[in-house]
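Here's the structure, in structure tokens; my notes come after.
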Amino acid sequence: MYHHKIAIVGSTGLVGRTVLKVLEETSLPHCTYTLFSSAKSAGTKVTFMGTTYVICKLTEDSFHEHFDYAIFCAGGTVSKKYAPIAATNGCTVIDNSSVFRMDPNVPLVVPEVNPEKIKDQKGIIANPNCSTIQAVVPLKPLEDTYGIKRIVYSTYQAVSGAGRAGILDLENGREGNEPKKFPYSIVDNCLPHIDVFLPNGYTKEEMKMINETRKILAKPNLPITATAVRVPIKNCHGESINVELEKDFDLYDIKQLLQNSPGILVVDDPDKNYYPLATKAEGTDDVYVGRIRRDESVPNGLNLWVVADNLRKGAASNAVQILAKCLELEK
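Written as structure tokens, this is what we have:
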């Protein structure tokens, strides 16, 4: 039986550790793993799959040893340098950074939405932005059934989306310490500022959502606008998604469509205060959808409230699901 050799790059970071956790839960058959990190963490030991692993230092020679697949979770600088080296050596890279997402030669994949794009890969598959992933899971069935005319995103994003430094700003800020990651204290604040501001007045995060949604839904001219906001919770992003559909709809049909679509859990009963919550989504891979209601200000308008664990479905779990789909396609 052929064993797939898999590298995890950035295995000691927030997303990397979550990848290891998801891999333990998923238990992909016939896979052996090598864990890489920067020089700073190399040599440390982690328990994974019931075995103690020593973290290896990532170097330009690391991929001279053959790997079938690599999941990169070490940020854009590392991906830009090492992902092409891995791909050149016959390894298929699943990359969590933003470096390759808009490259026309790199598929941008959410397995519930566009798994067929995996076959187009030329050595690198991009994992979308966390806030984009959870949005397109419910948008895809709406696009397929009714057609989407326009999208308005408003996000409520957890501090873990900014890595360990974001979590520390929240924890330390509660003790009265000054922020190090964010420009202002995230305690008692909502910051309408994720990533850097661009000349058009949008942040990079907002433009990522706009451009990535267009690419994943294969609608390059789809009108989309976004406001991305960091909120003082540790984990799980919330999103208010306003959609104008091309066709009229019945709300019951919309709820049934979403409930029967892969990766979605509809949580929607206002009479019982039943709607998606971060505390329920945490630690799971579902995309929770609720507050499903008509936008009565426009024809065929629809409002959704969407919550998902940004470290899992928004990053690690989506990458592992891509890996599982790659292995499946080999059969």
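Residue numbers (the working numbering): 5 to 335. Where a beta carbon is used, it is the ideal one built from N, C-alpha and C, also for glycine.
Looking at ARG234: is its Cβ nearer than 8 Å to the Cβ of ILE171?
In terms of Cβ geometry, ARG234 and ILE171 do not form a close pair [threshold 8 Å].
Residues that DSSP places opposite VAL113 in a beta bridge
Per the DSSP secondary-structure output, VAL113 pairs with nothing in a beta bridge.
Please confirm whether PHE71 and ILE12 have their CB atoms less than 8 Å apart.
No, the pair does not count as a contact, with Cβ atoms beyond the cut-off.
Residue environment, SER102, which counts as buried when at least 16 other CB atoms sit within 10 Å
Buried, by the Cβ-count rule.
For the beta strand (DSSP E) holding VAL140, just list the boundary residues, first then last.
Annotation: VAL140 is outside any beta strand (DSSP E); the continuous alpha helix (DSSP H) that includes it extends over 134 to 150.
Alpha carbon to alpha carbon, how far is ASP299 from GLU28? Give it in angstroms, no decimals.
Near 42 Å, if we compare the C-alpha coordinates of ASP299 and GLU28.
Going along the chain, which residues of its own chain have a beta-carbon closer than 7 Å to the beta-carbon of GLY165, five neighbours each way excluded?
Cβ neighbours of GLY165 beyond the five flanking positions: CYS134, HIS241, ASN314.
Would you check if the distance between the CB atom of LYS238 and the CB atom of LEU174 is smaller than 8 Å?
Closer than 8 Å, so yes.
Let me make sure I understand the geometry here. Which of THR231, THR48, GLY180, ASP192 has the alpha-carbon closest to that of ASP199?
With respect to the C-alpha of ASP199, the residue from THR231, THR48, GLY180, ASP192 having the closest C-alpha is THR231.
Taking the beta strand (DSSP E) that CYS35 belongs to, which residues open and close that run?
Note, CYS35: beta strand (DSSP E), 35 to 41.
Any idea if CYS77 is buried or exposed, counting beta-carbon neighbours within 10 angstroms, 16 or more meaning buried?
By the neighbour-count criterion, in which a residue is buried when 16 or more other Cβ atoms sit within 10 angstroms of its Cβ, CYS77 is buried.
What three-state label does DSSP hand ILE258 in the structure shown?
Three-state DSSP puts ILE258 in a helix.
Spell out a yes or no on whether the region 61 to 71 and the region 38 to 52 are touching, meaning 3 or more CB-CB pairs, one atom from each, closer than 8 Å.
The region 61 to 71 and the region 38 to 52 touch, with no fewer than 3 CB-CB distances between them shorter than 8 Å.
Mind reading off the beta-carbon distance from TYR405 to GLU250? Whole number of angstroms is fine, and I expect it under 8 Å.
Here the chain has residues from 5 to 335 only, and residue 405 is not among them.
Whole angstroms is fine: what's the gap from SER31's alpha carbon to LEU24's?
SER31 and LEU24 have their C-alpha atoms spaced approximately 10 Å apart.
Residues bridged to TYR6 by DSSP?
Per DSSP, none; premise fails for TYR6.
Three-state secondary structure (DSSP) at LYS153?
Of the three classes helix, strand and coil, the one that applies to LYS153 here is strand, per DSSP.
Residue from ASP254, ASN93, THR36 with nearest C-alpha to GLY54
Of ASP254, ASN93, THR36, the residue nearest in Cα terms is THR36.
Stretch-stretch touch, CB-based, cutoff 8 Å, three pairs: the region 306 to 322 with the region 283 to 296
Enough Cβ pairs lie closer than 8 Å, so yes.
What is the DSSP secondary structure of SER321, reduced to helix, strand or coil?
In the structure shown, the three-state DSSP call for SER321 is helix.
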